[in-house]
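Quick note on our numbering: the sequence shown kicks off at 88 and runs consecutively. Just so it is clear, CB atoms sit at the ideal spot from N, CA and C, and this is done for glycine as well. Predicted model, so just to flag it, every value in this text is computed and none were measured.
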Amino acid sequence: MSAPATTRSGERDGNATAARLLRSAAKKSYDPDVDIDWEAPLVEGKIWVPEHRVSLYGTELWERLTPEQRVELGKHEACSVASVGLWFETLLMQRLLKDFYADDPTSERAQWALTEVADECRHSQMFARLVHRAGVEPYGAVPFVHQLGKLFSVVNWGPAAYASILVAEEVLDRLQREQANDDRIQPLMRQVNRIHIMEEARHVAFARDEVTRGLAGLSRAELAYQRFMCAFTSYFVVRSLINPKVYAAVGIDPAEGRRAALANPHHREMIRFGGEKIMSFLDGAGMIAGPGTALWKKSFLLET
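Structure follows, in structure tokens:
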């Protein structure tokens, strides 16, 4: 099955959206090297993520942890999410460059693809420096999923690719918005969140437009493929946010911590909360149906 051709009308609409976003990027973009003070000392007593967003919050394992261990686990989970975000942004850049390769390089849409790649390069550097500054290893996705990611831009195109990108971006965005103005959070973490929120808003607008236009005129077989690949990719993205190795940082067996987190209603609610807006959009666009529905439920993005 090959990617569906874009109509001339769709190309014009895509260029109009891209032109607007290019103007926005020209007016306001950030450079983490300049806009973040990486040498500023971390503030003692500040947390890295709200307690109720830590994967083990409310479990028996959580009750065993000291207040210091709870802060430490939150730091490791925040850095796990950042390093998984970095990993997925690399996959996004590959997809954008493939689209640029096949497009008219002088078009606004192609120029936007390069602009977004430049943004994501800076974001990836920013997340990497955050993890390093926190003194935490860059967990990333587990090895199997990391290798599976090499297939992303091969088996995902069109609406499925951009819908999957939206799931990763919007889940992270909603959690970051919750934290950006929380005085309990480390100032470094809050500044990283603010920069990512501002620039991701443009990326989200572009991806939503790509999904809406890409779905127009698909055959039933093409639509079924797009729906399943979106659910399949999104499942692995969401399940990868917390690398099980984070639990070892507070003396918990990774397998035991993983089981407790997946069974934890608070953790499931965090995922549902993060995905609430994007799931509403995808459902309205007709992307949630068929065999992939089971994967949406297993990811906790869709209630059972």
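Nearest Cα to Ser240 within the set Met180, Arg196, Gln278: Met180.
A contact between stretches requires three or more CB pairs, one per stretch, nearer than 8 Å, and the region 189–205 fails this requirement with the region 213–227. Around the Cβ of Asp296, a 10 Å sphere holds 16 or more other Cβ atoms; the residue is buried. Taking the Cα positions, Leu129 is about 45 Å away from Thr193.
With fewer than 16 other beta carbons inside 10 angstroms of its own, His233 counts as exposed.
Shortest Cα-Cα distance from Asn280 to any of Glu256, Ala294, Leu302 involves Glu256. Boundaries of the alpha helix (DSSP H) harbouring Asp122: 119–122, taken from the DSSP string.
Just so you know, the alpha carbons of Glu138 and Asn102 end up roughly 43 Å apart. Annotation for His290: the continuous alpha helix (DSSP H) segment containing it runs 274–302. Annotation: Leu275 to Gly377 spans about 43 Å, alpha carbon to alpha carbon.
Here Ala248 is buried, its C-beta having at least 16 other C-beta atoms within 10 Å. Restricting attention to Arg209, Arg271, Phe293, Gly301, the CA atom closest to the CA of Val121 is found in Arg209. For Ile134, the pairing in a beta bridge is given by DSSP as Ile272.
Here Asp186 is buried. Its C-beta has 16 or more other C-beta atoms within 10 Å.
Boundaries of the alpha helix (DSSP H) harbouring Pro230: 230–235, taken from the DSSP string.
In this structure, the straight-line span from the alpha carbon of Glu343 to that of Gly304 is close to 47 Å. Ranked by how close their Cα comes to the Cα of Pro246, the residues Phe231, Leu108, Leu369, Phe387 have Leu369 in first place. Take Glu363, set aside five residues on each side of it, and the residues of its chain with a beta-carbon closer than 8 Å to its own are Arg261, in chain order. Residue burial is scored here from C-beta neighbours: Lys162 has at least 16 other C-beta atoms within 10 angstroms and is therefore classed as buried.
If you draw a 10 Å sphere on the C-beta of Pro154, you find fewer than 16 other C-beta atoms in it, and that means exposed. Scanning its chain for C-beta atoms nearer than 6 Å, with the 5 sequence neighbours on each side dropped, one finds around Glu286 the residues Asp206, in chain order.
CA-CA distance, Ile339 to Gln156, rounds to 11 Å. The distance from the Cβ of Ser142 to that of Glu176 is about 22 Å, inconsistent with a contact at the 8 Å cut-off. If you draw a straight line from the Cα of Phe315 to the Cα of Asn330, it comes to about 24 Å.
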